[in-house]
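Sequence order for the protein chains is A and B.
UniProt numbering puts the first sequence at residues 1 to 346.
UniProt numbering puts the second sequence at residues 1 to 346.
Don't be surprised by glycine CBs; every beta carbon is placed ideally from N, CA and C.
Working notes, structure below.
Protein chains: 2
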Amino acid sequence: MSTLASLANHQVRLASRPTGQPTRENWEFTTEPVAEPADGGVVVKTLYLSLDPAMRGWMNEGKSYIPPVGIGEVMRAGGVGRVLASKNDQFAVGSHVMGSLGVQEVASFSADQIKRAGLARIDLRAGSETQWLNVLGMPGMTGYFGLLDVGQPRPGETVVVSGAAGAVGQTVGQLAKIKGCRVVGIAGGRAKCDWVVSELGFDACIDYKAGAVKDGLKEHCPQGVDIYFDNVGGEILDTVLTRINRKARIIICGAISQYNNTTPVQGPKNYLSLLVNRARMEGIVVFDYADRYPLAVAELAGYLKDGRMKSKEDVVDGGVQAFPETLLKLFTGENFGKLVLKVAQD
Amino acid sequence: MSTLASLANHQVRLASRPTGQPTRENWEFTTEPVAEPADGGVVVKTLYLSLDPAMRGWMNEGKSYIPPVGIGEVMRAGGVGRVLASKNDQFAVGSHVMGSLGVQEVASFSADQIKRAGLARIDLRAGSETQWLNVLGMPGMTGYFGLLDVGQPRPGETVVVSGAAGAVGQTVGQLAKIKGCRVVGIAGGRAKCDWVVSELGFDACIDYKAGAVKDGLKEHCPQGVDIYFDNVGGEILDTVLTRINRKARIIICGAISQYNNTTPVQGPKNYLSLLVNRARMEGIVVFDYADRYPLAVAELAGYLKDGRMKSKEDVVDGGVQAFPETLLKLFTGENFGKLVLKVAQD
Numbered sequence: 001m002s003t004l005a006s007l008a009n010h011q012v013r014l015a016s017r018p019t020g021q022p023t024r025e026n027w028e029f030t031t032e033p034v035a036e037p038a039d040g041g042v043v044v045k046t047l048y049l050s051l052d053p054a055m056r057g058w059m060n061e062g063k064s065y066i067p068p069v070g071i072g073e074v075m076r077a078g079g080v081g082r083v084l085a086s087k088n089d090q091f092a093v094g095s096h097v098m099g100s101l102g103v104q105e106v107a108s109f110s111a112d113q114i115k116r117a118g119l120a121r122i123d124l125r126a127g128s129e130t131q132w133l134n135v136l137g138m139p140g141m142t143g144y145f146g147l148l149d150v151g152q153p154r155p156g157e158t159v160v161v162s163g164a165a166g167a168v169g170q171t172v173g174q175l176a177k178i179k180g181c182r183v184v185g186i187a188g189g190r191a192k193c194d195w196v197v198s199e200l201g202f203d204a205c206i207d208y209k210a211g212a213v214k215d216g217l218k219e220h221c222p223q224g225v226d227i228y229f230d231n232v233g234g235e236i237l238d239t240v241l242t243r244i245n246r247k248a249r250i251i252i253c254g255a256i257s258q259y260n261n262t263t264p265v266q267g268p269k270n271y272l273s274l275l276v277n278r279a280r281m282e283g284i285v286v287f288d289y290a291d292r293y294p295l296a297v298a299e300l301a302g303y304l305k306d307g308r309m310k311s312k313e314d315v316v317d318g319g320v321q322a323f324p325e326t327l328l329k330l331f332t333g334e335n336f337g338k339l340v341l342k343v344a345q346d
Numbered sequence: 001m002s003t004l005a006s007l008a009n010h011q012v013r014l015a016s017r018p019t020g021q022p023t024r025e026n027w028e029f030t031t032e033p034v035a036e037p038a039d040g041g042v043v044v045k046t047l048y049l050s051l052d053p054a055m056r057g058w059m060n061e062g063k064s065y066i067p068p069v070g071i072g073e074v075m076r077a078g079g080v081g082r083v084l085a086s087k088n089d090q091f092a093v094g095s096h097v098m099g100s101l102g103v104q105e106v107a108s109f110s111a112d113q114i115k116r117a118g119l120a121r122i123d124l125r126a127g128s129e130t131q132w133l134n135v136l137g138m139p140g141m142t143g144y145f146g147l148l149d150v151g152q153p154r155p156g157e158t159v160v161v162s163g164a165a166g167a168v169g170q171t172v173g174q175l176a177k178i179k180g181c182r183v184v185g186i187a188g189g190r191a192k193c194d195w196v197v198s199e200l201g202f203d204a205c206i207d208y209k210a211g212a213v214k215d216g217l218k219e220h221c222p223q224g225v226d227i228y229f230d231n232v233g234g235e236i237l238d239t240v241l242t243r244i245n246r247k248a249r250i251i252i253c254g255a256i257s258q259y260n261n262t263t264p265v266q267g268p269k270n271y272l273s274l275l276v277n278r279a280r281m282e283g284i285v286v287f288d289y290a291d292r293y294p295l296a297v298a299e300l301a302g303y304l305k306d307g308r309m310k311s312k313e314d315v316v317d318g319g320v321q322a323f324p325e326t327l328l329k330l331f332t333g334e335n336f337g338k339l340v341l342k343v344a345q346d
């Protein structure tokens with residue numbers, strides 16, 4: 001009890017909505033005391049936070065798949081933590097949990113808020129804390145349901161995935177290999193490309209910083225592209241559209257190249273390739289599959305265990321103070337693997 | 001026999017590939033004698049030709065869903081005709097046929113060519129000659145399979161169709177009404193809009209020449225848009241993307257606003273609405289459904305017979321000489337109903 005009273009909860013709040021790339025001025029740092037949980041409530045110590053491209057969208061005003069973060073609110077973030085205090089039978093003190101903790105050192109939840117935050121216990125025997133934010137977390141679920149449900153891959157098909165070394169990309173590519181597909185990644189830089197081929201087992205990877213993506217697709221997808229899992233949008237999406245096969249599926253998961261635009265989003269000018277090829281372009285939002293997460297986690301944890309799937313997290317050990325700068329790594333492509341902010345030692 | 005020898009077959013051939021809107025210089029007029037059919041062959045007198053937006057695409061070089069028309073070749077065109085001479089048991093002299101006749105007064109086919117041209121007998125009790133080029137022909141088939149197979153409408157959903165008074169649009173809208181949907185058209189001009197509402201029974205029609213399409217969608221689609229059947233592309237596609245519902249289906253049938261562009265096609269800058277709304281955009285090419293045409297024709301002929309479906313053809317009585325100018329009416333939006341060129345009296 002006295003433990004909680006001694007804690008100062010450092011937080012990062014959204015101070016203003018950015019135009020283009022977020023700057024330090026868009027954030028406010030606050031400190032709050034920590035109170036005992038109410039009946040049915042729980043208090044969680046944040047250990048690791050997931051930093052994701054989608055965060056940039058949550059900072060904008062306007063209708064989207066979830067409401068924007070309000071001005072003055074603690075920035076939304078998924079994370080892994082440990083229960084510090086509990087008045088809820090589901091969450092024993094000391095157990096590990098995952099959910100929407102926010103960019104703060106301590107997250108307190110009422111019984112209602114537990115549900116809204118999607119707070120759930122996690123089993124560290126299935127994966128490490130950072131793997132629970134990667135292949136066993138939202139990115140993994142996004143890759144799993146995006147590829148399998150929307151993409152419906154068949155053995156022998158060619159799957160191309162952009163952001164190949166990123167959180168979603170690594171799950172998509174490895175899962176497509178497991179399902180019997182030819183897999184070609186697109187990533188920025190030799191190191192990332194080498195890694196997805198030599199470590200993750202992709203058939204090839206195109207370094208978009210080193211040469212024309214079009215030439216890479218011609219070389220590495222001699223049978224054309226059956227599935228394109230798009231995390232980036234922009235020119236790369238347009239280029240892949242010129243190489244798709246009949247009845248191809250393009251999964252729109254994100255468009256990181258466009259998120260900090262101050263000009264209008266660049267629409268895919270080659271979209272009529274969908275017509276010529278009777279192809280389809282479809283969006284995925286992972287929350288729609290929440291009732292099937294446990295099955296997907298079990299399958300993916302099995303692959304981690306038998307070594308068919310690997311994961312790489314880029315862990316920045318900086319605490320919540322480092323959140324603003326760390327987030328920007330996603331947009332420069334500086335991160336290598338799923339970007340995670342370490343907030344506290346377990 | 002002497003009848004054929006006395007005929008001069010006037011033809012329109014592609015002389016050069018247009019940049020932007022086709023001009024008279026892109027065409028060549030030729031005259032050829034007509035020979036007796038070989039064994040298994042047939043000679044057909046062209047009565048009506050179908051003029052379609054897709055023709056503009058066939059004039060371009062490059063890979064598409066069918067090869068381009070070659071320079072010097074008779075321009076490809078679907079049409080209805082009457083058999084003048086036959087050495088094929090399937091086609092009696094005097095019977096009416098439909099198929100790829102080309103822009104010429106007489107079409108001669110070997111046994112092989114009959115198949116490639118998709119030549120088939122038609123029954124004028126099911127529909128008139130021009131209806132066989134409209135609701136019972138390619139536009140009708142495109143609307144039928146695009147709406148039902150790709151769009152999968154459910155009763156009560158809101159269907160928006162652009163080019164509403166055009167060949168495909170009129171089938172789509174009326175069929176969607178029959179299937180229990182709310183139907184809102186988009187067309188150019190008061191006359192077309194009034195007609196699709198009062199004659200075809202659409203719930204509303206937005207005149208894109210008279211005001212903002214966005215305002216029209218807000219007013220007439222208060223429950224949002226579940227299915228958008230797109231014949232036009234460009235700004236209208238982008239505007240509809242801002243009004244789609246979760247799990248919406250966008251059928252990409254054409255992009256007539258972009259076909260004569262000399263600048264790159266305008267990509268839908270609001271395509272990320274597909275992501276936010278878990279929606280899908282999918283292309284349709286009617287030829288994929290050829291084995292199911294007879295079923296669709298039977299269903300649509302039934303609706304024509306019982307009065308639930310009407311059709312309107314804009315018949316230009318100009319002969320093949322009038323082909324170049326008549327085609328342009330599609331791109332100015334001057335045609336009212338399915339554009340048909342009358343080549344000869346039956």
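Classify residue i: buried if its beta carbon has 16 or more other beta carbons within 10 angstroms, exposed otherwise.
{"i": "B:S6", "result": "exposed"}
{"i": "A:T3", "result": "exposed"}
{"i": "B:N60", "result": "exposed"}
{"i": "B:P33", "result": "exposed"}
{"i": "B:K342", "result": "buried"}
{"i": "A:E199", "result": "exposed"}
{"i": "A:G307", "result": "exposed"}
{"i": "A:Q152", "result": "exposed"}
{"i": "A:P53", "result": "buried"}
{"i": "A:D226", "result": "buried"}
{"i": "A:F323", "result": "buried"}
{"i": "B:A165", "result": "buried"}
{"i": "A:Q345", "result": "exposed"}
Just reading off the beta strand (DSSP E) that residue i is part of, what are its end residues?
{"i": "B:I250", "result": "I244 to I252"}
{"i": "A:S100", "result": "H96 to S100"}
{"i": "A:T239", "result": "Careful: A:T239 lies outside any beta strand (DSSP E), inside the alpha helix (DSSP H) at G234 to L241."}
{"i": "B:F229", "result": "V225 to D230"}
Could you tell me which residues DSSP pairs with residue i in its beta bridges?
{"i": "B:N9", "result": "B:E32"}
{"i": "A:G166", "result": "A:G166 is not bridged to any residue."}
{"i": "B:A187", "result": "B:D207"}
{"i": "A:V285", "result": "Note: A:V285 sits in no beta bridge, so no partner."}
{"i": "A:R121", "result": "A:V97"}
{"i": "A:R340", "result": "Note on identity: in this sequence residue 340 of chain A is Val, with Arg being the wrong assignment. Answer is A:S50 and A:V315."}
{"i": "B:W195", "result": "Paired residue(s): none; B:W195 is not in a bridge."}
{"i": "A:K45", "result": "A:R82 and A:V106"}
{"i": "A:V74", "result": "A:R13"}
{"i": "A:N182", "result": "Looking at the sequence itself, residue 182 of chain A is Arg, so the reference to Asn does not match. DSSP lists A:T158 as partners of A:R182."}
Kindly indicate the opening and closing residues of the alpha helix (DSSP H) around residue i.
{"i": "B:Y303", "result": "Y293 to K305"}
{"i": "A:G78", "result": "A:G78 -> not in any alpha helix (DSSP H); beta strand (DSSP E) instead, spanning G78 to S86."}
{"i": "B:K329", "result": "F323 to T332"}
{"i": "B:D215", "result": "V213 to H220"}
{"i": "B:V276", "result": "S273 to V276"}
So for residue i, helix, strand or coil by DSSP?
{"i": "A:F145", "result": "helix"}
{"i": "A:F202", "result": "coil"}
{"i": "B:P22", "result": "coil"}
{"i": "B:Q104", "result": "strand"}
{"i": "B:K310", "result": "coil"}
{"i": "A:K177", "result": "helix"}
{"i": "B:L133", "result": "helix"}
{"i": "A:T158", "result": "strand"}
{"i": "A:R17", "result": "coil"}
{"i": "A:R116", "result": "helix"}
{"i": "B:R56", "result": "helix"}
{"i": "A:N335", "result": "coil"}
{"i": "B:M1", "result": "Any reading at B:M1 needs caution, since the residue's pLDDT is 48, under 50, leaving its predicted position unreliable; the model's value is listed next. Coil."}
Got a sec: does the ligand MG put a non-hydrogen atom nearer than 7 Å to the Cβ of residue i?
{"i": "B:S128", "result": "Inclusion of the ligand MG in the displayed structure is not the case, the ligand content being empty and no account of it being possible."}
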